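Below you'll find the structure, written out as structure tokens, and then a few comments.
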Amino acid sequence: MPYAQNHYPFENKKTFEDNFPADFIAEGIDQTRGWFYTLLVLSTALFNKPPFKNLICNGLVLASDGNKMSKRKKNYPDPVEVVHKYGADALRLYLINSPVVRGENLRFREEGVRDLLKDVFLPWFNAYRFFVQNVQLHEHGDFGADDQTHALSALGRVLVLIVRLMAPFTPFFCDYVWKNLRKVTGASEESVHYTLLPTSDDSLIDTAVERRVQAMRDCIDLVRVLRERKAIPVKVRSSTNFGFFMLLILFNYN
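If you're matching positions, the sequence shown starts at 1 in full-length UniProt numbering and goes up one per residue.
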């Protein structure tokens, strides 16, 4: 919304009018009393309408103690070191998943980036690695080939859909996974960023399968509760017969 810099209204009148109001602007919440306010006041006084059609306001990233980040106080980690340590994708996803995107302030914690790497990226990478390793094993054996093909096909499809959906948020990791998966899937696009976002397919929804999977999860949760009550570690084989409880839950779901 540059008024004076284009010498409006004495010059570039058509150029200005063709681009006013702006389609989109974005700034921090502190600009509600600054740039946002000034734009609105000037535009209302001069043209009797707002200077923008859409506005996104983000919150402020504060130090872990809630104070403003300060070079003098050194109350925040070096962002370059955070990227080198955890990766740009982990930092980006941490910020995208924070209150900042809702216009609220964020107390930045390096531990939050670390936890996201551990809880999101590592399981994601392990699923991808499991798929690649089992595809390689599948190529060297025929035992249970049909079941393996169906299972690997389902996992491969899920991985491909996830990287296409997450590519705007974790571009580097998704492109790495995509370039390896395309060797198996035969996709023509060299980069995931050349693909379109996937669309939903309601025909794939199977409520019966969803009920059975939920029953399986309930069984697992129940067994874990019983193990905790008897102080039996998860990795230790138990002589207790949990089959009755599992069958009871499955019967209720079916």
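Built from N, CA and C at the ideal position, the CB exists for glycine as well.
None of the values given here were measured: they were computed from a predicted structure.
(request) Report the residue from Ser-70, Leu-95, Lys-73 and Arg-72 whose alpha carbon sits nearest the alpha carbon of Val-82. (result) On the sequence shown, residue 82 is found 82 positions in, with the first residue counted as 1. Checked all of Ser-70, Leu-95, Lys-73 and Arg-72; the closest Cα to Val-82 is Leu-95.
(message) If you measure between the beta carbons of Val-113 and Ala-90, is that distance less than 8 Å?
(response) Along the sequence shown, one-based indexing puts residue 113 at 113. Along the sequence shown, one-based indexing puts residue 90 at 90. Yes.
(request) Just the C-alpha distance for Phe-130 and Ala-88, rounded to the nearest angstrom, thanks. (result) Taking the first residue of the sequence shown as 1, we reach residue 130 at position 130. Taking the first residue of the sequence shown as 1, we reach residue 88 at position 88. Straight-line Cα distance between these residues: approximately 24 Å.
(message) For Arg-72, count the other beta carbons within 10 Å of its own beta carbon; 16 or more makes it buried, fewer makes it exposed. Which is it?
(response) Translated into positions along the sequence shown, residue 72 becomes position 72. Under this definition Arg-72 is an exposed residue.
(request) For Gly-34, name the three-state secondary structure that DSSP assigns. (result) Against the sequence shown, residue 34 aligns to sequence position 34. Coil, per DSSP.
(message) Please classify Arg-224 as buried or exposed, where buried requires at least 16 other C-beta atoms within 10 Å of its C-beta.
(response) Here residue 224 refers to the residue found at position 224 when the sequence shown is read from its first residue. Under this definition Arg-224 is an exposed residue.
(request) Kindly indicate which residue of Ala-215, Leu-165 and Ala-208 has the alpha-carbon position closest to the one of Val-192. (result) Position 192 of the sequence shown, counting from 1, holds the residue named residue 192. The residue with the shortest Cα to Cα distance from Val-192 is Leu-165.
(message) For a minimum of 4 consecutive residues, which ranges assigned as the alpha helix (DSSP H) are wholly contained in the stretch 11-73?
(response) 13-18 and 35-47
(message) Comparing C-alpha positions only, which one of Asp-115, Leu-42 and Ile-56 sits nearest to Val-93?
(response) As a working note, residue 93 is residue 93 in the sequence shown. It should be pointed out that residue 93 corresponds to Leu in this sequence rather than to Val. Minimum Cα distance to Leu-93 is reached at Asp-115.
(request) Taking 8 Å as the cut-off, decide whether the C-beta atoms of Leu-181 and Leu-196 are in contact. (result) The residue labelled residue 181 in the question sits at position 181 within the sequence shown. The residue labelled residue 196 in the question sits at position 196 within the sequence shown. No.
(message) Tell me which residue opens and which closes the alpha helix (DSSP H) that Arg-229 is part of.
(response) Stepping through the sequence shown from its first residue, residue 229 is reached at position 229. In this chain, the alpha helix (DSSP H) harbouring Arg-229 covers 207-229.
(request) Let me know the secondary structure DSSP gives Arg-107 once reduced to three states. (result) Your numbering for residue 107 matches position 107 in the sequence shown. DSSP places Arg-107 in strand when its eight states are reduced to three.
(request) Identify which residue in Arg-107, Asp-30, Asn-48 and Asp-119 has its Cα closest to the Cα of Met-69. (result) Stepping through the sequence shown from its first residue, residue 69 is reached at position 69. Of the candidates Arg-107, Asp-30, Asn-48 and Asp-119, the one whose C-alpha sits nearest the C-alpha of Met-69 is Arg-107.
(request) Determine the closest residue to Glu-190 out of Ser-200, Phe-36 and Lys-179, with distance taken between C-alpha atoms. (result) Locating residue 190 in the sequence shown gives position 190, counting from the first residue. That would be Lys-179, whose Cα lies nearest to the Cα of Glu-190.
(message) Tell me the DSSP secondary structure of Ile-96 in three-state form.
(response) For the purposes of this step, residue 96 is identified with residue 96 of the sequence shown, where counting begins at 1. If DSSP states are grouped into helix, strand and coil, Ile-96 belongs with the helices.
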